[in-house]
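Heads up: the structure comes next, in structure tokens.
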Amino acid sequence: MRRKSRKKIPVTKVLIYTFLILLAVIYIAPLVWMFSVSVKTNAEVFASPFKLPEIIQWENFSVAWSIGKLNIAIVNSFIVCAVTLLCSILFGTMAAFAIGRMRWKLSGTIMTYFLLGMMIPVHCILIPLFVIFAKVSLNNSLLGLILPYITFSLPMTIFIMVGFFKNMPSELFESACMDGCSIYGCFFRIGLPLAKTGLFVTGLMTFVNNWNELLLAMVFISDVSKKTLPVTLTYFVGPYSTNYVQMFAAIVIAVIPTIIVYSIFSNQIVEGLTAGAVKG
Amino acid sequence: MEKLFRDKKAICLFIAPGGILFTIVLLVPIAYAFYISMCDWNALTPPKFIGFENYLKIFTNDSIMKTAIKNSLFFTTFSLVTQQVLGLFLAVILSNLVKGKNLFKNIYYLPCVLSSAALGLLFSFLLNPKMGLNQVLAIFGVEGPLWLMDVKGFIPLPMWVIGTVATWQYVGTTMMLYMAAIAGIPSSLYEASYIDGANKWQSFKNITVPLIKPMAKTTISLTCIGSLKFFDLIYNMTQGGPNHKTEVLATQLYNEGFSYFKYGYASAISVVLLCMCLLVTFVINKTIKVEDYEM
Amino acid sequence: MGMKKVLAVLLSTVMMTGLLSGCGSKTEEAAAPTADATEEGAATEEVAAAEGDVEITWMFWDDLEATQDIMSQQYAETIKRFNEADNGYHVNVITTNLEEYDTKLNALIAAGQAPDVWICNPGPNMTQYVEADVVMDLTDVLNSDSAWKDSFTGGIFERLTYDGKVMGVPTNFAAACVFYNTEIFEKTGVAVPKTWDEFMDVCQKIQDAGYAPLTISAGTPWCLSMVAGYLCDREGGPDNLKGVADGSVKWTDASYVNAATKLLDLSKYFQPTYLGDSNDQATANFYNGDAAMLIQGSWAISQINGNAPEMQDKCGVFQFPGIEGGSDPNRWIVKTDNLLVSKNTKNVDACIALLKEFTGETSQKATAEIAGKMPIIDVEVDYSKAPKQLSYVQESMKTLTGTFGFYNESLDSVEAGDKFDNTMVSIVMGEITPEDGMAEVQKFYDENVYNK
Chain A
10 MRRKSRKKIP VTKVLIYTFL ILLAVIYIAP LVWMFSVSVK TNAEVFASPF
60 KLPEIIQWEN FSVAWSIGKL NIAIVNSFIV CAVTLLCSIL FGTMAAFAIG
110 RMRWKLSGTI MTYFLLGMMI PVHCILIPLF VIFAKVSLNN SLLGLILPYI
160 TFSLPMTIFI MVGFFKNMPS ELFESACMDG CSIYGCFFRI GLPLAKTGLF
210 VTGLMTFVNN WNELLLAMVF ISDVSKKTLP VTLTYFVGPY STNYVQMFAA
260 IVIAVIPTII VYSIFSNQIV EGLTAGAVKG
Chain B
7 MEKLFRDKKA ICLFIAPGGI LFTIVLLVPI AYAFYISMCD WNALTPPKFI
57 GFENYLKIFT NDSIMKTAIK NSLFFTTFSL VTQQVLGLFL AVILSNLVKG
107 KNLFKNIYYL PCVLSSAALG LLFSFLLNPK MGLNQVLAIF GVEGPLWLMD
157 VKGFIPLPMW VIGTVATWQY VGTTMMLYMA AIAGIPSSLY EASYIDGANK
207 WQSFKNITVP LIKPMAKTTI SLTCIGSLKF FDLIYNMTQG GPNHKTEVLA
257 TQLYNEGFSY FKYGYASAIS VVLLCMCLLV TFVINKTIKV EDYEM
Chain C
-15 MGMKKVLAVL LSTVMMTGLL SGCGSKTEEA AAPTADATEE GAATEEVAAA
35 EGDVEITWMF WDDLEATQDI MSQQYAETIK RFNEADNGYH VNVITTNLEE
85 YDTKLNALIA AGQAPDVWIC NPGPNMTQYV EADVVMDLTD VLNSDSAWKD
135 SFTGGIFERL TYDGKVMGVP TNFAAACVFY NTEIFEKTGV AVPKTWDEFM
185 DVCQKIQDAG YAPLTISAGT PWCLSMVAGY LCDREGGPDN LKGVADGSVK
235 WTDASYVNAA TKLLDLSKYF QPTYLGDSND QATANFYNGD AAMLIQGSWA
285 ISQINGNAPE MQDKCGVFQF PGIEGGSDPN RWIVKTDNLL VSKNTKNVDA
335 CIALLKEFTG ETSQKATAEI AGKMPIIDVE VDYSKAPKQL SYVQESMKTL
385 TGTFGFYNES LDSVEAGDKF DNTMVSIVMG EITPEDGMAE VQKFYDENVY
435 NK
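Chains as they are written, first to last, in our numbering: chain A, 10 to 289; chain B, 7 to 301; chain C, -15 to 436.
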């Protein structure tokens, strides 16, 4: 042993790491398999799902990219997600601040009202919403997607953020008041920065949910130039057969941005967590 | 201070953007869905008012609905137990980990950021008798079961499988939220308890558990509601089949509404689903008492 | 994290998008021939509407550019031709995938934005639109243009006619038949079976020789129910379908129970994984040479040849065997794809012109010669150009005496069709006996159909 064992490695530590590594393998293996499918041919996938491909079919990606028009789709998805993210975080934290921090009679009722949104399956409002949007020509436009996306992201944002605002130490706000800070100042200068941890979590969830949303995007958007990424992934499913390899290639492409955004934000969450731990 | 936080104008201003959006995009369509649930409607011809007939059928004369309700309740219980236990376990372990904390956390949370539809498809491939897991088992001479097709038993095997996959995908959220809660506990509390001679288990029981109770309430509510209206994975793995044995409320709603065009009946199911979610939230709020600790 | 950081994140993501699109276009140039074919398809959309063109919309259940389905590619060609022609019309295509097609179509119709022309399955699916009174009656248009009307194959409008009114126009049809691997048949020393007993015998011999006799998908229920449909018809003939519709025949009658029992008998010859296999996997079992026979619609031809070109030379076709003492063995399951015109279209002429383009000789020849589907007009097809299997199908259809639809598309409603499909799956799974299974279907009919 190179490492001079001045202290014994505890058995529990070994067990814990073994467990964590095994679990990590369970988490990673399916994703690796998904990647391997995306560089095979369809016939190979069915004949020998676990073998490595004979020739790595990198062109699956370029073909998927060009026929799925993924360049347009990625831009559309990005616009929709970015706008939704900013708006839902802003509106959500504002409402959460009012509910969690401010004192008024109806705050509980309003909270329940917002939480109702989490309990509604999107399918049950699909047709009525489409009819309403069609009347005001909001279908077939990105705005028509953004509005429901914000709405569906709000409950989660509010639900998590209310807790954060409630648990904030009131001394901070009191001293700010003494300094003549307005209620808006309290929100933007004290509430928001302190709620950072929550913002990263909800922001990530909002981004990811909307990046992956299919049903509304499929039904609301008809124009090819306005389709979002998940919709284009379905291009590869044909009426009588499915082009699996290209679909998985497209899925891999679609997943890359989420993973990048995720890796940026996930480390921020840790920073936020450490900062959050100092409070009080 | 008090006055500042009672400012009616500011409250209105804070609530307004979200509130207005909510009313237009959710409340109006829901109200409409309530009305539709009392109708016989196929979206193409005008709705025909039939009163509570749809609801009557749901509870008295629809064997698939019985399966769906049973499966939904099972799925919710299963998710709740596995995600709470595993999520809290991982959060506690990872929070105390010195090396690799971020790496493991990021790996376990990864499936949460991927599309359920894509993952559902991926797992229907992996669990296919010819394609994935069973091929691996065959190497060890084990003949794997029909993971997604075996319908024997009160709770058929596919429901356990889907439940496990759902836990695989979503336990990261629970873990992450618990980690946030644990990180929010001042380390001075632990230090004090160690000075008082407490061991790790005691400090977990006496400090961690009470202080993460608010978060427990959050994660339990989230898991329950999420599981009750769960759709993506099931739809992409089994489509509710074989022969409706893995149907849950949301997939049944989808079938009735979008395969059979019985929007009235589908709306009635969604109202039932909504009521179940409300009931669960109510029960959670009544049973889990959260005391406020000033930290 | 301040605003700066948010900006940085946004920027980095934008840049990454730029990077990706950059490398996308580069690889595109170097892409394999498959990409060329699709780029050609992509040209469809670039034909812009000329000024003053009357614009109409057409809704389809597959993406015209990304599709690998040869039939969909032919639809794309037709649309391209129609838009390029100097006819004063331009058609805009709305596409979805099959899964969301009906949802989206119904939402559009409910919102009063129905497409001018859309594609539709025959049977209860189409009935629903006809009954909702959103489909244009084409009888007069067809009658006023006898040349067009007479060009269609006889009897093709049968399933598209409601109360004597023709409500849709077909674009192609597919027939369900048995594909077999001639190599395996030779090795095993069996001949093409004509009757059910011979068929079972062939299956047994192939199984003894170590191959899976038959590949089928119970994971995609309609695949299994197609065989069930054939058995029901071979047992009781056309009276069976008519009978259950008006209540004169019961699902629990001997012919239905016998059909279900035969299906259960046959299930011992299915490939071991049939319960979990999807339609695509079942077809792959056949073209990979693992199974000797595949019962599928003729659309499978393009899938087979596309994935395993060598299969074309060793893939034979025969019609579903007859049952001794049963009904007419020369009836075929066929399925048409149909175009419906919206009742509220403002541009009837443009819609009719589009229908004519689809049913015209150029499109129909390509349907047969390239896509391997059956044309719906009487047109000279050069079978040397077409996939070999297509001529076999045409050949065996010469003795055809009648056609019927997929069972699940011939019943009272989509739900009734699903009930039939699912019951058949339950029966082969051994979850329920044929008698009890048919009794369940009967119960469904008693409650939901006769009682309506």
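All C-beta atoms, glycine included, are put in the ideal place defined by N, C-alpha and C.
Against residue i, what residues of chain C qualify as contacts under a CB-to-CB distance less than 9 angstroms, listed in chain order?
{"i": "B/N340", "result": "The requested residue 340 of chain B is not part of the displayed model; chain B covers only 7 to 301."}
{"i": "A/M43", "result": "Here the premise fails: no neighbours, minimum Cβ distance about 17 angstroms."}
{"i": "B/N48", "result": "N90, Q112, E115, A116"}
{"i": "A/M227", "result": "T80, N81, E83, E84, T87, K88"}
{"i": "A/V140", "result": "A91, A94, A95, G96"}
What would DSSP say about residue i, mapped onto helix, strand or coil?
{"i": "A/V48", "result": "coil"}
{"i": "A/G298", "result": "Within the shown structure, residues of chain A are numbered from 10 to 289, placing residue 298 of chain A beyond reach of any answer."}
{"i": "A/F174", "result": "helix"}
{"i": "B/M181", "result": "helix"}
{"i": "B/K223", "result": "helix"}
{"i": "C/E23", "result": "Low confidence applies here, because C/E23 scores a pLDDT of 37, under 50, leaving its location unreliable and the question unanswered by this model."}
{"i": "C/M43", "result": "strand"}
{"i": "C/K10", "result": "Confidence is the limiting factor: at C/K10 the pLDDT is only 33, short of 50, which leaves the residue's position unreliable and the question unanswerable from this model."}
{"i": "C/S410", "result": "helix"}
{"i": "C/K319", "result": "strand"}
{"i": "C/T51", "result": "coil"}
{"i": "B/H250", "result": "coil"}
{"i": "C/I168", "result": "helix"}
{"i": "B/V277", "result": "helix"}
State the Cα-Cα distance for the pair residue i and residue j, rounded to the nearest angstrom.
{"i": "C/V252", "j": "C/A268", "result": "In the sequence as displayed, the identity of residue 252 of chain C is Lys instead of Val. C-alpha separation (whole angstroms): 20 angstroms."}
{"i": "C/I438", "j": "B/P220", "result": "Coverage of chain C is limited to positions -15 through 436, which leaves residue 438 of chain C absent and any answer about it impossible."}
{"i": "B/Q208", "j": "B/S199", "result": "9 angstroms"}
{"i": "A/S275", "j": "B/I17", "result": "32 angstroms"}
{"i": "C/Q287", "j": "C/T346", "result": "23 angstroms"}
{"i": "C/I416", "j": "A/M227", "result": "38 angstroms"}
{"i": "A/L24", "j": "A/V46", "result": "33 angstroms"}
{"i": "B/I188", "j": "A/M177", "result": "15 angstroms"}
{"i": "A/T50", "j": "A/F257", "result": "11 angstroms"}
{"i": "C/V365", "j": "C/Q57", "result": "19 angstroms"}
{"i": "C/K403", "j": "C/V425", "result": "7 angstroms"}
{"i": "C/K133", "j": "A/C133", "result": "44 angstroms"}
{"i": "C/A400", "j": "B/L50", "result": "20 angstroms"}
{"i": "C/Y240", "j": "B/K63", "result": "29 angstroms"}
{"i": "C/I190", "j": "C/N81", "result": "38 angstroms"}
{"i": "C/T18", "j": "C/E83", "result": "Here C/T18 scores only 36 on pLDDT, less than 50, and its place in the model should not be relied on; the value that follows carries that caveat. Their backbone Cα atoms lie some 26 angstroms apart in a straight line."}
What do you reckon, are the CB atoms on residue i and residue j nearer than 8 angstroms?
{"i": "A/L156", "j": "A/L224", "result": "no"}
{"i": "C/I317", "j": "C/A159", "result": "yes"}
{"i": "A/F139", "j": "C/A95", "result": "yes"}
{"i": "C/I168", "j": "C/A276", "result": "yes"}
{"i": "B/S78", "j": "B/L234", "result": "yes"}
{"i": "C/Y214", "j": "C/F304", "result": "yes"}
{"i": "C/F157", "j": "C/K319", "result": "yes"}
{"i": "A/M214", "j": "B/G24", "result": "no"}
{"i": "C/D217", "j": "C/N224", "result": "yes"}
{"i": "B/L120", "j": "A/T267", "result": "yes"}
Please confirm whether any heavy atom of the ligand ADP lies closer than 7 angstroms to the CB of residue i.
{"i": "C/T204", "result": "This structure lacks the ligand ADP; in fact it carries no ligand of any kind."}
Cβ closer than 9 angstroms: which chain A residues qualify as neighbours of residue i?
{"i": "C/N291", "result": "T50, N51, A52, F55, S250"}
Give the residues of chain C in contact with residue i, contact being defined as C-beta atoms less than 8 angstroms apart.
{"i": "B/S265", "result": "D86, V398, E399, D402"}
| query | Relative to chain C, which residues along the segment 70 to 85 of chain A have a C-beta separation below 8 angstroms, given in chain order? | reply | Those would be F70, S71, V72, W74, S75, I76, G77, K78, L79, N80, I83, V84, in chain order.
| request: Give the residues from the segment 399 to 428 of chain C that approach chain B closer than 8 angstroms (Cβ to any Cβ), ordered along the chain. | output: So the list reads E399, D402, N406, T407, V409, S410, M413, E415, given in the order they occur along the chain.
| Looking at chain A, which residues of the segment 230 to 263 of chain B have a Cβ within less than 9 angstroms of any of its Cβ atoms? | Taking 9 angstroms as the Cβ-Cβ cut-off against chain A, the residues of the segment 230 to 263 of chain B that qualify are I231, G232, L234, K235, F237, D238, L255, A256, L259, Y260, G263.
| message | So if I threshold CB-CB distances at 8 angstroms, which residues from the segment 137 to 160 of chain B count as touching chain A? | response | Residues M137, G138, Q141, V142.
| task | Give, in chain order, every residue of the segment 26 to 52 of chain B whose Cβ lies closer than 8 angstroms to some Cβ of chain C. | result | Per Cβ criterion, the list reads N48, A49, L50, T51.
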